[in-house]
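This report refers to the structure that appears directly beneath it.
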Amino acid sequence: MDLGPYTSFIATSYFAAALVVVLLIGWIAIDYRTQKARLRALEESGISRRSGRAATDMQ
Amino acid sequence: MSLIDLANPTRFLALTARLLPWLALVTVVLLAAGLYLSALAPDDYQQGATVKIMFIHVPNAWLSMFVWGIMSIASLGTLVWRHPLADVAAKAAAPIGASFTFLALLTGSLWGRPMWGTYWEWDARLTSVLILFLMYLGLMALWRSVEDPTRAARAAAVLTLVGAINLPIIKFSVDWWNTLHQPASVMRMGGPALDKSFLIPLLVMAIGFSFLFITLHVAAMRNEILRRRVRSLQMLQARAYTTSAPAGDATGRVVGAA
Amino acid sequence: MTALGALIRRDIRIALRIGGGALIGVLFFLTVVVLMPFAVGPDLALLTRLGPAILWLGALLSSLLTLDRLFTADHEDGSLDLIVMSRTPLELACAAKALAHWLAAGLPLVIATPVLGLLLNLDATATGAVALTLLAGTPALTFIGMIGAALAVTMHRGGLLLAVLVLPLSIPVLIFGVAASQAAIVGPLPFGAPFSILCALSLVSFVIGPFAAATSLRNGLD
Amino acid sequence: MTALGALIRRDIRIALRIGGGALIGVLFFLTVVVLMPFAVGPDLALLTRLGPAILWLGALLSSLLTLDRLFTADHEDGSLDLIVMSRTPLELACAAKALAHWLAAGLPLVIATPVLGLLLNLDATATGAVALTLLAGTPALTFIGMIGAALAVTMHRGGLLLAVLVLPLSIPVLIFGVAASQAAIVGPLPFGAPFSILCALSLVSFVIGPFAAATSLRNGLD
Amino acid sequence: MQLSPTLSPKLFGRDVRCVRGGREVFAGLAFEAVAGEALAVTGHNGAGKTSLLRLIAGLLLPAGGTIAIEGGEGELTVPEQAHYLGHRDALKPALSVAENLSFWADFLGGGVIRPIPDCLAAVGIAHAIDLPAAYLSAGQRRRLSLARLLAVPRLLWLLDEPTAALDVAGQAMFAGLMREHLAGGGLIVAATHGPLGIDTRELRIGAI
Amino acid sequence: MQLSPTLSPKLFGRDVRCVRGGREVFAGLAFEAVAGEALAVTGHNGAGKTSLLRLIAGLLLPAGGTIAIEGGEGELTVPEQAHYLGHRDALKPALSVAENLSFWADFLGGGVIRPIPDCLAAVGIAHAIDLPAAYLSAGQRRRLSLARLLAVPRLLWLLDEPTAALDVAGQAMFAGLMREHLAGGGLIVAATHGPLGIDTRELRIGAI
Ligand code: HEM
Ligand SMILES: Nc1ncnc2c1ncn2[C@@H]1O[C@H](COP(=O)(O)OP(=O)(O)OP(=O)(O)O)[C@@H](O)[C@H]1O
Ligand SMILES: Nc1ncnc2c1ncn2[C@@H]1O[C@H](COP(=O)(O)OP(=O)(O)OP(=O)(O)O)[C@@H](O)[C@H]1O
Ligand SMILES: [Mg+2]
Ligand SMILES: [Mg+2]
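Rendered as structure tokens:
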């Protein structure tokens, strides 16, 4: 595939798009793990959502 | 499973847990097909191979506006119907929308260099997209800077709705100001004016990116719901050793009410 | 009516006594204008061409400067609580406050324009055109900025964040304001078209501003 | 030293939390720059020429936006009483507050300059020159503005005259800042001359600012 | 007081729940007060007294439950029938005492109902009428706030520690004003740590 | 309390005259208090109690007379040896409770003298240590201000209606703290309308 004189521009566009998408996915995955871990830690320390209605609780 | 059920965060979590893999699969298939098709697409007689940038640029440009549209609807949900998932949806969408906007700007200026001879031009559309990007960042800053989520949600909702005014400006700026940028050639009155050999890969890519957005958005909404659970549990924990009240009276029961 | 009149009178009176706001606004306006020749160089023709743009930028920035405490001041001393509770619809009260602010801080800018036009070497028509567009357009700036001022109450914050949130919204006003002035000065487009858009923007902001501000105030108290 | 360090840390922390952080400063700056083409038109050559002035105006505006409450905020919540009573000399405390303000609101601007230079199509030398003048000049804006901020505590009422006196004081800073940047970019004057005046202005303001502010605070409490 | 209610008005709350900053302050609160009655809200610091008053005043949204007035003035909401006297006194230092009061009278009452000098005399600061509010002492500021309650008649008075900063004579004066308001068919809900000097029903929130 | 005075310190004022906003508030006032003694300043609203405290704190300039401490810490002025607790509580809503207190401890004491959690526990708001100060109720704010007095030792406490907004338990707690301060050789001058819960000498200003 010959992309002519502007190969680098085209390649950069595709790579940048890929990079941003990967960063987004990575951020979301890490965020998910963090929240899950915190939730587990809190539940282990004896706080459960049943021990009283929490205020901003999303029932 | 009705819509009403979806309104319930717990149900939402359960349902999306099953849905997410499928969404991801569809996204991957569509994007792969889109990349394949765009690799096959011929060079433009005018723009040469750089037309390939279009397959990234245009979907991202569309999504940058589309995501704000979604956030505006969600904001109505927050302000008018006080829907429990609405502000979760709005908050989760903002970083994703900002990313798409960033990509539209970046690929656009990478395209602009070979086409117009400059990376950046203070043209109406380009600048209004830059403003959209700034508004995304401002909105994210607003979310971060108010720590009570319900209050932050309402403030952000007002701003999102007011900022939606920017969307028509972006869409029509090319027509109003008669600028460098391409006028609409796909989404326009009277049908698309683009050759099939470009139109098909473009549309596949666009649908692929839309599915990418949906997948990421659902995942981010799940994270947000979890974050709020964590917060409310932390609040409960604070209360648990806060109240000098007798044990078991964690809810601040009222004594001696009239 | 008595209620709104009282509110407008109070806000203007405070603005005039305390001074800060309106005066700093005009002064800032002046600074912007005085600075430009130093930036652009002694090219008088260019300066004249940039005149309307400079005046508009000054107006935009100086209304930003004074707006951010429109509601926070009332919030901090508890007045806002009473205003929210009162029998006057909050939207109207917000509009009245914005009007008072415009009278105390926007109108002086319009009045100062002829003086500044001299500094920028604008002729009488040009000065008149700019003053007219400012007269039509600064209320829009105030009413749009009001939204940011109301958000500041929710956020317990003001300053830069607000400016960031509000500035993008006021760009259309800036565009058409400058376009109309330019049209009047150098042509070739007619003055009427952008000017009527400017007026339309003002009218739209009269509706959107108070509603958005009232919504965010209602939800923002605690 | 602990006392001053604590004061600086507190003020920066509040500024970051309330103002939304250094990022917001940059964002604000970006917004102001983005405004320009709308007013001036998309002429890149002209924008480049106006670049330094625009950046300097942004700096002035963002320090004004946050400076006017430097002392009034502390006065209104009673902190100022305690600061005046403390064993730390008031001049030093004032200087510390100004320094904190500069670190939170001035420095981010300097750091953001390269990004903005790109948008305004400034080359590396020009960007460097503007950044350097901002680094040397923004402290002067802060330390001069501080006098006005201190006067604001005194004048609950009336006293407009005093506020009017302060902004003009910052105009020389602005003028020499822009002149130095211009000199570096287009010549023909040497960069050194206006730049050393700028530095001198900063140094003078470091001395005068805290003393004037402390004096007016001491007399202004009631 | 020409409140002219059709029925004897009654303020009530049912199952009220309050959440602030994401934390529950109280829940399941019920209260009621009929015309001529004063409700004293008591409880330890941080129990939620101020929060309750702000809920009634419509300045906070309840996380659950209802608060309403039965038999009040037709279609008006609770906040529209109420005066709220909080910790912050809604005075502008730049305006004079008379200007401050007459602004609130005009704004809240849509026209001065009771002459300003009378109101100021009733709270004992007639001599300060032309002083800027910035010159008032803490107790004088509080008195000026109280004058607002007299200038515009409202059915319901929501008072948050109203006697703070008042001297002994001022407290007696204020007790007299409250008694008058109740005798005219008014309602009072007051958060307090000390005695108010009038007969009250107590609503205790928060355990201790 | 390691105030280590060489002599037993004595605060006194002689022939003090106060003018505010061009009007004379009081004149010819004399007072004195020795270590271990509390002076209760009383008087009607507007009598000049707050003004007197601010004169002692150096926040107002006397129009005449002298105020000084004899036998205090060497070359320090009166304000530098005093804590001032006014109506305004010098708290920043954006900072947490701990950040607020530790700032004042560092700024006033030049280093933390007493650990922050201890001080907060002593005034009964240990649980709120990480809450933003914006979330505090009126009484909790007042308690946080009181914690400042404990974090940094100062000879003289100038208190302006210190018990306002405190609940009954809070007032008792505070009386205990004052007693401790006096027992450690401290001095207290407090403006008040009600009882403070400790033995005081009364200084009455203003005619009645
Ligand atoms: C930073 C620079 C750029 C930005 C911010 C930008 C922004 C946008 C936006 C927002 C759209 C969607 C418009 C709509 O749906 O009506 C769009 C579409 C498009 N852009 Fe760009 N653009 C940039 C540069 C370019 C360049 C250099 C080219 C090519 C010469 C280009 C070609 C196109 C095309 C062909 C479309 C599709 C138009 C349609 O079918 O509706 N863009 N761009
Ligand atoms: N900032 C000021 N400027 C001018 N005059 C003032 C100022 N503050 C108070 N005054 C006047 O000084 C007198 C004394 O005020 P001060 O605050 O000392 O009274 P106080 O005894 O503390 O009263 P309160 O019991 O109400 O707190 C009052 O008559 C008041 O009007
Ligand atoms: N603005 C706020 N944001 C979040 N939480 C708050 C806010 N204000 C108060 N709270 C919390 O709500 C609870 C109740 O506060 P409230 O002010 O109603 O108490 P109160 O009974 O009036 O106390 P006090 O006797 O001290 O005045 C407190 O625990 C406090 O921490
Ligand atoms: Mg309270
Ligand atoms: Mg007092």
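Protein chains in written order, with numbering that gives the first Met the number 0: chain A, 0 to 58; chain B, 0 to 257; chain C, 0 to 221; chain D, 0 to 221; chain E, 0 to 207; chain F, 0 to 207. All C-beta atoms, glycine included, are put in the ideal place defined by N, C-alpha and C. As the structure is a prediction and not an experimental result, all values here were calculated from the model.
Check: Beta carbon of D:L59, beta carbon of C:L159: below 8 Å?
Finding: Result no, Cβ atoms of D:L59 and C:L159 do not sit closer than 8 Å.
Check: Does the Cβ of E:S136 lie closer than 7 Å to at least one heavy atom of ligand 5?
Finding: Using a cutoff of 7 Å, the CB of E:S136 counts as near ligand 5, since one of the ligand's heavy atoms is closer than that.
Check: Looking only at its own chain, which residues have a Cβ that is under 8 Å from the Cβ of B:W119, when we skip the five neighbours before and after it?
Finding: S108, G111, L125.
Next item on the list: With 8 Å as the C-beta to C-beta threshold (strictly closer), list the residues of the segment 26–37 of chain C near chain D in chain order.
Entry: Residues L26, F27, T30, V31, V33, L34, M35, F37.
Item checked: 6 Å Cβ shell around D:F70 - same chain, five flanking residues per side excluded -> For D:F70, where only same-chain residues beyond five positions count, the Cβ hits under 6 Å are A148, A149, V152.
Checklist line | Beta-bridge partners of F:D159, as assigned by DSSP | finding: Note: F:D159 is bridge-paired with F:A190 in the DSSP secondary-structure output.
Checklist line | Runs of beta strand (DSSP E) lying entirely within the segment 52–94 of chain F, each at least 3 residues, in chain order | finding: Counting only runs of 3 or more, we get 63–69, 81–84.
Next item on the list: Return the residues of the segment 141–162 of chain B that lie within a Cβ-Cβ distance of less than 9 Å from chain D, sorted by chain order.
Entry: Residues L141, R143, S144.
Next item on the list: Count the other C-beta atoms from every protein chain shown that fall within 10 angstroms of the C-beta of B:L39, then say buried if there are 16 or more, exposed otherwise.
Entry: With fewer than 16 other Cβ atoms within 10 Å, it is exposed.
Item checked: Where F:V198 sits in the DSSP three-state scheme -> Just to set this straight, residue 198 of chain F is Asp in the shown sequence, not Val. Of the three classes helix, strand and coil, the one that applies to F:D198 here is coil, per DSSP.
Notebook entry, point to check: Relative to ligand 2, is the shortest distance from any of its heavy atoms to the C-beta of F:T191 smaller than 7 Å?
Noted result: No.
Notebook entry, point to check: Can you list the residues of chain F that E:Q139 reaches, using a CB-CB cut of under 8 Å?
Noted result: Those are N44, G45, listed as they occur along chain F.
Check: For ligand 1, any of its heavy atoms closer than 7 Å to the Cβ of B:M114?
Finding: If you check the C-beta of B:M114 against ligand 1, you find a heavy atom less than 7 Å away.
Check: Should C:G176 be flagged as near chain B, meaning a C-beta pair shorter than 8 Å?
Finding: Taking Cβ atoms only, chain B never reaches closer than 8 Å to C:G176, which makes this a no.
Check: Is the segment 218–236 of chain B in contact with the segment 53–67 of chain B, if contact means three or more CB pairs nearer than 8 Å?
Finding: Touching, no.
Notebook entry, point to check: Considering only the beta carbon of each residue, do C:L66 and C:G144 sit closer than 8 Å?
Noted result: For C:L66 and C:G144, yes; Cβs fall inside 8 Å.
Notebook entry, point to check: With burial defined as no fewer than 16 other Cβ atoms inside 10 Å of the residue's Cβ, what is the status of B:P245: buried or exposed?
Noted result: Summary for B:P245: the model assigns pLDDT 34, below 50, so the residue's position carries little reliability, and this model does not support an answer.
Next item on the list: Look up F:F173 in the DSSP assignment and say whether it is helix, strand or coil.
Entry: DSSP places F:F173 in helix when its eight states are reduced to three.
Checklist line | For D:D10, the three-state DSSP class (helix, strand or coil) | finding: D:D10 falls in the helix class under three-state DSSP.
Check: How would you list, in chain order, the residues of chain F whose beta-carbon sits under 9 Å from the beta-carbon of E:L165?
Finding: The answer, in chain order, is N44, H192.
Check: Hey, would you say the C-beta of F:G27 is under 7 Å away from at least one heavy atom of ligand 2?
Finding: No, the Cβ of F:G27 stays beyond 7 Å of every heavy atom of ligand 2.
Next item on the list: With distances taken Cα to Cα, identify the nearest neighbour of C:I42 among C:A92, C:L118, C:G57, C:L108.
Entry: Correcting the residue type first, residue 42 of chain C is Asp in the shown sequence and not Ile. Ranking C:A92, C:L118, C:G57, C:L108 by Cα distance to C:D42 puts C:L118 first.
Margin query: So E:G169 and E:G196 are supposed to be a Cβ contact under 8 Å. How far apart are they, rounded?
Written below: Not confirmed; about 11 Å, so no contact.
Note to self: Assuming F:A190 and F:K48 are in contact, meaning their beta carbons sit under 8 Å apart, how far apart are those beta carbons, in whole angstroms?
What the structure shows: With a beta-carbon spacing of about 4 Å, F:A190 and F:K48 fall inside the 8 Å limit used to define contacts.
Checklist line | Boundaries of the beta strand (DSSP E) in which F:L38 is found, first to last residue | finding: That run of the beta strand (DSSP E) goes 37–41.
Next item on the list: Please report the residue range of the beta strand (DSSP E) in which D:F70 lies.
Entry: Element bounds for D:F70: n/a, residue is neither H nor E.
Notebook entry, point to check: Closer than 7 Å: is that where the CB of E:T162 sits relative to any heavy atom of ligand 5?
Noted result: Not so, every heavy atom of ligand 5 lies at least 7 Å from the Cβ.
Notebook entry, point to check: Can you give the Cα-Cα distance for F:R19 and E:P92, rounded to whole angstroms?
Noted result: Cα-Cα distance, rounded: 15 Å.
Check: In whole angstroms, what is the alpha-carbon distance linking B:A123 and C:L197?
Finding: Looking at the two C-alpha atoms, the distance is approximately 17 Å.
Checklist line | Closer than 8 Å to chain B by CB, D:L81 | finding: Output row for D:L81: interface = no.
Item checked: Buried or exposed (CB count within 10 angstroms, at least 16 for buried), E:Q80 -> Flag for E:Q80 reads buried.
Notebook entry, point to check: Quick one: Cα of C:P193 to Cα of C:F175, how far?
Noted result: Rounded to the nearest angstrom, the two C-alpha atoms are 5 Å apart.
Note to self: On the CB-based measure, 16 or more other CB atoms within 10 Å of its CB, does B:P41 come out buried or exposed?
What the structure shows: By the 10 Å Cβ count, B:P41 comes out exposed.
Check: Would you say the beta carbon of E:V24 comes nearer than 7 Å to a heavy atom of ligand 3?
Finding: Yes.
Next item on the list: May I ask you to report which of helix, strand or coil DSSP gives C:V172?
Entry: In the three-state DSSP reduction, C:V172 falls in the helix class (H, G or I).
Note to self: With H, G and I counted as helix, E and B as strand and the rest as coil, what does DSSP make of F:A164?
What the structure shows: The answer is coil: DSSP assigns F:A164 none of H, G, I, E or B.
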